[in-house]
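>
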Ligand code: C5P
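In UniProt numbering, the protein residues as written are 1 to 239.
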């Protein structure tokens, strides 16, 4: 497998073609952004930490029956994936109130929700990823009602699996974002799952161990991402 020309550079990853048309090469970058890319910083080791966390979590989800675009890790900062026809939605699952939910409804921080909820956002940097409801998804032709039901079911199944995996590492999964698409006609989990896209708090102290420390400038991103990776690795034997 050879890495060929660069296809695109996103906020935290760079994508390359390979000599196999069914394989893309992803490089995780030492870069963190907030405010939809308006604040950008170079952070040493971030690419390696997120790639390793993402590979560990995707391998775990695959072992538990989730279809994904993931093939394998190739280096500390790189992995191989299959090209996917992406659905332009950000699918957010919440277990506890935080972030935009807490701001919007003036709830208490980490207030438990009576059941996990799914929220959809239209993936568009130009529009700042606006909230989108089911009817809007359908009339814009992003997904049919049946596809949307399948997307939500997949997101909630992933939530159950991630909640139990993070609990093994003494972490509470507050909320997370996934992206999905089609691979050979099958709905699959794509993109990334890492502390960039999840909110995690320590089960005992409720300290944030995710990108909120960068967003709110309350701690060192590398230290908390390393803590997440180490805890996941140390609890891996239990699976
Ligand atoms: O900001 P908000 O509370 O809506 O975020 C919900 C979850 O989705 C958080 O875990 C956050 O990290 C993730 N998210 C993301 N990318 C975005 C927006 C939110 O990964 N563009």
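The beta-carbon is built from N, C-alpha and C at its ideal position, and this holds for glycine as well.
Fair warning: this is a prediction, and the values are worked out from it, not measured in the lab.
Should the segment 121-129 be regarded as contacting the segment 196-211, the criterion being three or more beta carbon pairs within less than 8 Å?
Too few Cβ pairs lie closer than 8 Å, so no.
> Let me check understanding here. Comparing Cα to Cα, which of 101, 216, 188 and 118 lies closest to residue 86?
Position 86 of the chain shown, counting from 1, holds the residue named residue 86. Checking every option, the nearest Cα to that of residue 86 belongs to 188.
> How many whole angstroms separate the CB atoms of residue 40 and residue 33, which I take to be in contact at a CB cut-off of 8 Å?
As a position in the chain shown, residue 40 is number 40, starting the count at 1. As a position in the chain shown, residue 33 is number 33, starting the count at 1. With 8 Å as the limit, residue 40 and residue 33 qualify as a contact, their Cβ atoms being about 5 Å apart.
> To which residues of the same chain is residue 11 closer than 6 Å at the C-beta, ignoring the five residues directly before and after it?
Here residue 11 is taken as the residue at index 11 of the chain shown, counted from 1. Cβ within range, chain order: 33 and 37.
> Excluding sequence positions up to five away, which residues of its chain have a Cβ less than 6 Å from the Cβ of residue 97?
Taking the chain shown and counting its residues from 1, the one referred to as residue 97 is at position 97. Around residue 97: 107 and 111.
> Along the alpha helix (DSSP H) that carries residue 100, what are the first and last residues, could you check?
Taking the first residue of the chain shown as 1, we reach residue 100 at position 100. Its alpha helix (DSSP H) spans residues 99-105.
> Going by the C-beta, is residue 199 closer than 7 Å to any heavy atom of the ligand C5P?
Locating residue 199 in the chain shown gives position 199, counting from the first residue. For the ligand C5P, at least one heavy atom lies less than 7 Å from the Cβ of residue 199.
> Kindly indicate which residue of 235, 233, 180 and 221 has the alpha-carbon position closest to the one of residue 31.
Here residue 31 refers to the residue found at position 31 when the chain shown is read from its first residue. The shortest Cα separation from residue 31 among 235, 233, 180 and 221 belongs to 221.
> Is the segment 50-69 in contact with the segment 171-178, if contact means three or more CB pairs nearer than 8 Å?
Too few Cβ pairs lie closer than 8 Å, so no.
> Take residue 232 as the anchor and find which of 219, 162, 44 and 196 has the nearest alpha-carbon.
Position 232 of the chain shown, counted from the start, is the residue given in the question as residue 232. Answer by Cα proximity: 162.
> When the Cα atoms are used, what is the spatial distance from residue 72 to residue 183?
As a position in the chain shown, residue 72 is number 72, starting the count at 1. As a position in the chain shown, residue 183 is number 183, starting the count at 1. C-alpha separation (whole angstroms): 16 Å.
> Considering only heavy atoms of the ligand C5P, does any lie closer than 7 Å to the CB of residue 101?
Working through the chain shown from its first residue, we reach residue 101 at position 101. Yes, the beta carbon of residue 101 sits closer than 7 Å to at least one heavy atom of the ligand C5P.
> Is the beta carbon of residue 82 less than 8 Å from the beta carbon of residue 23?
If you number the chain shown from 1, residue 82 lands on position 82. If you number the chain shown from 1, residue 23 lands on position 23. In contact: residue 82 and residue 23 (Cβ atoms closer than 8 Å).
> Count the C-beta pairs between the segment 145-160 and the segment 113-124 that are closer than 8 Å, then say yes if the count reaches three, no if not.
The segment 145-160 is in contact with the segment 113-124.
> Quick one: does the C-beta of residue 30 sit closer than 7 Å to a heavy atom of the ligand C5P?
Residue mapping note: residue 30 aligns to position 30 of the chain shown, counting from 1. Every heavy atom of the ligand C5P is 7 Å or more from the Cβ of residue 30, so no.
> Give the C-beta separation of residue 88 and residue 15 to the nearest angstrom, bearing in mind that I take them to be a contact with Cβ-Cβ under 8 Å.
Taking the first residue of the chain shown as 1, we reach residue 88 at position 88. Taking the first residue of the chain shown as 1, we reach residue 15 at position 15. Not confirmed; about 16 Å, so no contact.
> Could I get the ranges of all uninterrupted alpha helix (DSSP H) runs contained in the segment 32-105, with 4 residues as the minimum, in chain order?
If we require 4 residues or more, the alpha helix (DSSP H) runs fully inside the segment 32-105 come out as 46-63 and 99-105.
> Can you tell me where the alpha helix (DSSP H) with residue 163 in it begins and where it stops?
Taking the first residue of the chain shown as 1, we reach residue 163 at position 163. Unbroken alpha helix (DSSP H) run through residue 163: 145-168.
> Please go through the same chain and pick out, in chain order, the residues whose beta-carbon is closer than 6 Å to the beta-carbon of residue 199, but skip the five residues on each side of it.
In the chain shown, the residue the question calls residue 199 occupies position 199. Contacts found: 98, 174, 175 and 210.
> What I want to know is whether the C-beta of residue 54 ends up closer than 7 Å to one or more non-hydrogen atoms of the ligand C5P.
Within the chain shown, residue 54 is the residue found at index 54, counting from 1. The answer is no for residue 54.
> Pull up the CB-CB distance for residue 186 and residue 67, whole angstroms please, since I reckon it's below 8 Å.
Stepping through the chain shown from its first residue, residue 186 is reached at position 186. Stepping through the chain shown from its first residue, residue 67 is reached at position 67. At roughly 6 Å, the Cβ-Cβ gap stays under 8 Å, so residue 186 and residue 67 are in contact.
> So who's on the other strand from residue 121, going by DSSP bridges?
Taking the chain shown and counting its residues from 1, the one referred to as residue 121 is at position 121. DSSP lists 90 and 131 as partners of residue 121.
> Can you determine whether any heavy atom of the ligand C5P sits closer than 7 Å to the C-beta of residue 265, and answer yes or no?
This structure cannot speak to residue 265, because the chain is shown only from 1 to 239.
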